[in-house]
Amino acid sequence: MSVRRLAKDQPESFAFNKKSEDEIKFWLAKYPEEKKASAVIPMLWIAQKQEGWVCEPAIREIADRLEMPYIRVYEVATFYTMFNLAPVGEHLIQVCGTTPCMLRGSDELISVCKNRIGKQHEISEDGKFTWVEVECMGACANAPMIQLANKDGDHYIEDLDAESFEKLLDDLAAGKKVKYGPQSERNASEPHGTKVLTDESLYDGSRAKPVTLPNTGKSEKAEG
Amino acid sequence: MSDDLRKIVVDGEEVEVPNSFTLLQAAEAAGREIPRFCYHERLSVAGNCRMCLVELVGAPKPAASCAMQVRDMRGGPNGEPPAMNTLSPMVKKAREGVMEFLLINHPLDCPICDQGGECDLQDQSLVYGRTGSRFPENKRAVEDKEMGPIIKTEMTRCIQCTRCVRFVTEVAGVPEIGMIGRGEDAEITTYLENAVTSELSGNVIDLCPVGALTSKPYAFNARPWELKKTETVDVMDAVGSNIRVDARGGAVLRILPRVHEGVNEEWISDKTRYAWEGLGKRRLDKPYVRENGKLRAASWSEALDVAVKRLSGDASKIGMIAGDLCSAEEMKAAKDLADALGIASIDCRQDGAKLGTGPRQEYLFNATIAGIEEADAILIVGANPRVEAAIVNARIRKTWLHNDTKVGVIGEPVDLTYEYEHVGTGAKDLAGLKKKRSGFIKTLKDAKRPLILVGAGALAREDGAQVLRAAGDLAAAVGAVSEDWNGFSVLHTAASRVAGLDLGFVPGEGGQDVAGMQSGGMETIVLMGADELDISKFGDAFVIYVGSHGDAGAHRADLVLPGAAWTEQDGLFANTEGRVQLAFRSVFPKGEAKENWAIFRALSERVGKTLPYDNLTQLRLKLFEDVPVLGGIDHAPGAEGAAEFDAKSIGADGDVADAAFTPAVRNFYFTNPVARASKTLAECAALKDAPAAVAAE
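Just so you know, the sequences run in chain order A and B. Residues in the first sequence are numbered from 1 upward in steps of one, following our numbering. Residues in the second sequence are numbered from 225 upward in steps of one, following our numbering.
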C-alpha cells in the first residue's frame, strides 16, 4: 500500500451515462432518502465501471447527488484501494501477492508484469495494461491467480504460471477471447494431478452394507 | 435513557456517578487524571488514540475509558459494584505501550516545533511514556497540506486524533477537513487542499494536541514561557469572548481563548484570534495637527490647545461619536465632558441603529448566549450571525444539532451552517408574521421558549424603531417572554454599544444623532475610534479623532489625539447580553499615546471643567454610581426584567418600510480599524472573495 492521491490530470467534467443512471436508480432505491449517503460506495463503483477510474469531477458529482460534503466522498474513495484514482489501461490486472499465491509462484507473475507492462499503477506503452499487486482474493486453492478487470467485467484467472500468464497477456493484447477460471486442465478447484474418487463402485450402491434399522429387527438393504 | 446514579469503584475508592458518564468522566469525578489525545469534552467521542486505557477489574483487556459508559460496566460475581483501576501496573504498561506506538512515527523535532512547551504529546510522554523506543525503523514522512492563511501544517507530526475533523464538522459546521487514505498512509487534509472557510477555523490550532496544526502568523515567534499572559476580553464583536492575550515586550504576539461557559465556551473567532496583528500596524503614536492639508506631528500640549479652542465654541455645533471599540470608562469620561460643556449631540450608534430610547431589555440579548441552548425555536431577523457573531452562530448550530431546534430567518438567505426555514426577506414579512396562521409562526407559537433574534442590520435603517416594535410585538404574540424566559434578543455587532446605551451616550435634548451630524451645520466633530461611517459627510467640520489606528477617521481628521487600543488599557465592556466584563492592560500604549479616558480628563482640565476623577478607580466609582448596571461584573441579566416586558415600550409605533433587510456586517474580517490592519485577516478576506485563485493544483 502506498499514499493514494488523485491523478494530476483530471477531466473537466463528469456525467453518468444512461446505463450508469439505471444502476444508480437501483442502488438508491435500497436506502431511505435521508440515509442515501449509504450509496456512496456503489456510486463510486458505478463511476469506476463507466470510466475505468474515479476522477475528481465524479467525486463532486456523487457528493452533490448524495448531499455529502466533498471531503467525505474523497475519504471513501482514497480509503478503498479498489477505487482507481488514476486512469488505467484497457485491462487492469490485479495480481494476488499474499502468502498462498506467493508460495505457489506469484513472484513469477509479478516479474512478468514488470517486464511486460512496466511499473505498478502505470499504463503500459500500448495502453492495454495496468497491473497492481493486491492482497488475498480468496482463491488460494487455485493459486497463483489474478483478477482481470476490463469492459467484460471482473474475472478470476487462476492456476497461472509465467508461461500461461505470458500467453494470456498475448491473447489479451491481440484482442482474443480468453478463458476465465483455472488455466490448467482441472475443473474449478478439484484436486490437482492425481484423480481421486474415480472408482465407479463409489456411486452405484454396490458398496453399501445392509443396515439393521432400529425397532424392526429386520435387516434391509438401503436403497441405492 | 435513564440517568440513574451508580456506584463504581475507582482505584479502591467508591464513587457514585450517573449511568451516562463515561469511565473517563467517572475517573475524573473520583479525582483521577486520565491522559488523552483524541477525546475532547465538546466533540464527539472517537476513541482512536487509545491513550485513555484503564483496567476493568475482571476484564481480560484494558478498555478505552473515553468510549465506554458506566452503565455498560459489569459488577463482581457477588454483587460488588464494578471496579476499574487507573493506577495499576497494567494501566501503566498500557499507557507506555500506546505512547511508544504514537512516537514510532512522531518526529523528535520539539526544538523547532511551535507547539513545544504546550504540547500534549510532549507533556504526556514525559509523565506516561517509556524512557526509550524499541523501534529503530525510519519514521514515516507526510507531505504538508495547504489549509489557508491561518493554519500552518506540519503533517509528519500528526497523530491522527481527528479532533480537527470533528471540530469543523460538528462545531463549525463546515465539513472541509477529513482523513484520507488508510492505515499507515492516513493523512489529514482539506478537500484538494483548499483553505478552510469557517470563521472559527483557528480553533483547530488549539485543539491539535501536537504541533501538526499551528498558527501561521505566530510561526517561530515565541515560546510560551517567554510570554506575559493577560486574561481579558475580546472587542472584535459584541460577544465579549474571554481571551488570553500573550505579549512579549511591547508587542502582543497572540490571542487564545479562555473558557467561559456562558459566552464563548472555549472557542474564539478567527477575527478575535488574529486582530493582534493589527495592533502593531497603522498605529497613531503621537498627536497630529493638520496644517496646509497635511498632518504634522505635534506635541500633546499643542494638540490639546487646538482641541480646547474647538471645544470652547458653540456647544450646539459640536458633536461626539463613539466608535465600536470604546470601553465604558472612556465613553463615560467623554459624556461627562460633553455634559459639562453642554454638548447634546453625542451618539454611540455610528451604524445609525434606532435603539436606546426604551428600557434596558430593549437592546439586550435577553435570552443570553447560553440560553440559546434552551430555545426550541429561533427566528433570526435581519442578521447573519455567522459573520456578526460567529460564536453565537456556533451556539445556534449546537442547539440545532443536538436539541432539534427549529430555526427561521427573515433576511438574506445565506449559509448559516445549519438548516433553516426562510420566512421572508424584509420588514413587511416580520410585521405580517404574527397575523399568519401557518408556517413558521406556528412553530414559534408551539415552542416553549421561542427566541426572536434581531440583528443590528434590521435596526440600522430609517424604520429601525418600527422594526424593533414589530419584533417586540411578535415576541409578545408568540409568548417569547414569560416569567423565567425572555426570548426577545438584540444581537449587536459592536463591543461598545451596550455600555454606550447604558450610559446614555445618545443625543440629549436638542442634540443630533449621527445622521443629523452628517447632514451639515456642525463645526466640530469628535470621533472616538469611529471609522465605520461615511467620513466624507462631515462637510467642512473640524474633525478631532481620538483613537488608536490610522484608518478612515484619522485620514479625514484635522486633529489626531492618539489613544490606546483595548489591549493597552483597563476597561469595562458590556457584551450583547448586557454582561459587563473587565478587560485588562496587556502592553502599554504605543509611543506617546494615552489611555483614552485620560485624554478626555486632560481636555476637561484645559477647558476649565475638570472632571471629578483623577484615576481610573475614581472614574469607575463615579460610573457605577451613575450607571449601577455596569457594576455587575460578569452578570447577564437574562430574564430578570421579563415580568416588566412591554412591547409598547420598545421601539416606536408605525409602519415598516418595504425594503429587504441587509446584514450589518458584509465582510467578517474587516469590521473595525484593528482588524483592517491585520495582514492575516486581509488574506482571509481576499480568499473569501476569490477562493478559486488559491485552489490547489
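The beta carbon of each residue, even a glycine, is placed where N, CA and C say it ideally should be. Since this is a predicted model, take the numbers as computed values, not measurements.
Please confirm if residue i has its CB atom under 8 Å from at least one CB of chain B.
i      : result
A:R186 : no
A:F14  : no
A:E230 : In the structure displayed, chain A extends from 1 to 224; residue 230 of chain A sits before or after that span and is not available.
A:Y31  : no
A:A222 : With a pLDDT of 49 at A:A222, under the threshold of 50, the modelled position of that residue is not reliable, and the figure given next carries that caveat. No, because no Cβ of chain B sits closer than 8 Å to the Cβ of A:A222.
A:E61  : no
A:R245 : There is no way to answer for residue 245 of chain A, as the model of chain A reaches only from 1 to 224.
A:V3   : yes
A:F26  : no
A:F83  : no
A:P11  : no
A:F129 : no
A:W75  : Rather than Trp, the amino acid found at residue 75 of chain A in this sequence is Glu. Cβ-Cβ to chain B under 8 Å: yes for A:E75.
Mapping the DSSP letters down to three states, classify residue i as helix, strand or coil.
i       : result
B:N627  : helix
B:A807  : strand
A:E21   : helix
B:V918  : Only weak support exists for where B:V918 lies, its pLDDT of 46 falling under 50; the coordinates are left without a value.
B:D1008 : Chain B is shown only over 225 to 921; residue 1008 of chain B falls outside these bounds and no answer can be derived.
A:P57   : helix
B:M225  : Residue placement at B:M225 is flagged as unreliable, the pLDDT there being 48, under the threshold of 50; a coordinate-derived value is accordingly withheld.
B:H716  : coil
B:A521  : strand
A:D212  : Note that residue 212 of chain A is Thr in the sequence shown, not Asp. Strand.
B:K453  : strand
A:Q50   : helix
A:L85   : coil
B:F797  : strand
B:P674  : strand
B:P181  : Lying outside 225 to 921, the shown extent of chain B, residue 181 of chain B is not represented and no answer is given.
B:R217  : In this structure chain B extends from 225 to 921, so residue 217 of chain B is not present and cannot be described.
B:F325  : helix
Counting only beta-carbon separations shorter than 8 Å, does residue i have a partner in chain A?
i      : result
B:G402 : yes
B:G397 : no
B:D758 : no
B:L911 : no
B:D409 : yes
B:R497 : no
B:Y415 : yes
B:G405 : yes
Rounded to whole angstroms, how far is the Cβ of residue i from the Cβ of residue j, which I believe are closer than 8 Å?
i      : j      : result
B:I258 : B:L326 : Actually they do not touch by this definition, with Cβ atoms about 16 Å apart.
B:R472 : B:G426 : Contact doesn't hold; Cβ gap of about 20 Å is too wide.
B:A680 : B:E612 : 7 Å
B:S460 : B:K505 : Going by the sequence as given, residue 460 of chain B is Met instead of Ser. In fact, because the Cβ distance is near 16 Å, the residues do not count as touching under 8 Å.
B:K369 : B:K440 : Rounded, the Cβ-Cβ distance is 12 Å, inconsistent with contact.
B:D509 : B:K814 : 4 Å
B:A607 : B:P433 : Going by Cβ atoms, the distance from B:A607 to B:P433 rounds to 35 Å, so no, they are not a contact pair.
A:T130 : A:G89  : 4 Å
B:E554 : B:F824 : 7 Å
A:L197 : A:A162 : Not really, about 31 Å apart at Cβ, beyond 8 Å.
A:I191 : A:C140 : Reading the sequence as shown, one finds Pro at residue 191 of chain A and not Ile. Rounded, the Cβ-Cβ distance is 14 Å, inconsistent with contact.
If you measure between the beta carbons of residue i and residue j, is that distance less than 8 Å?
i      : j      : result
B:F885 : B:I602 : no
B:A546 : B:M746 : no
B:A826 : B:G787 : no
B:G865 : B:R693 : no
B:G464 : B:V428 : no
B:D600 : B:K666 : no
B:P731 : B:I570 : yes
B:R230 : B:V241 : yes
B:R298 : B:P286 : no
B:A723 : B:A552 : yes
B:G576 : B:A436 : no
> Can you list, in chain order, the stretches of the alpha helix (DSSP H) that have 4 or more residues and sit fully within the region 95 to 151 of chain A?
Replying inline: Counting whole runs of 4 or more residues, the region 95 to 151 of chain A contains the alpha helix (DSSP H) stretches 99 to 103, 106 to 116.
>> Which runs of the alpha helix (DSSP H) at least 4 residues long sit entirely within the region 847 to 911 of chain B? Give them in chain order.
In response: 897 to 900
>> Which runs of the alpha helix (DSSP H) at least 4 residues long sit entirely within the region 548 to 586 of chain B? Give them in chain order.
In response: For the region 548 to 586 of chain B, whole alpha helix (DSSP H) runs of length 4 or above, ordered along the chain, are 552 to 565.
>> Please give me, in chain order, every unbroken run of the alpha helix (DSSP H) with length at least 4 that falls completely inside the region 384 to 444 of chain B.
In response: 387 to 390, 427 to 431
> Which runs of the alpha helix (DSSP H), 4 residues or longer, sit entirely within the region 592 to 661 of chain B?
Replying inline: 609 to 612, 614 to 627, 651 to 657
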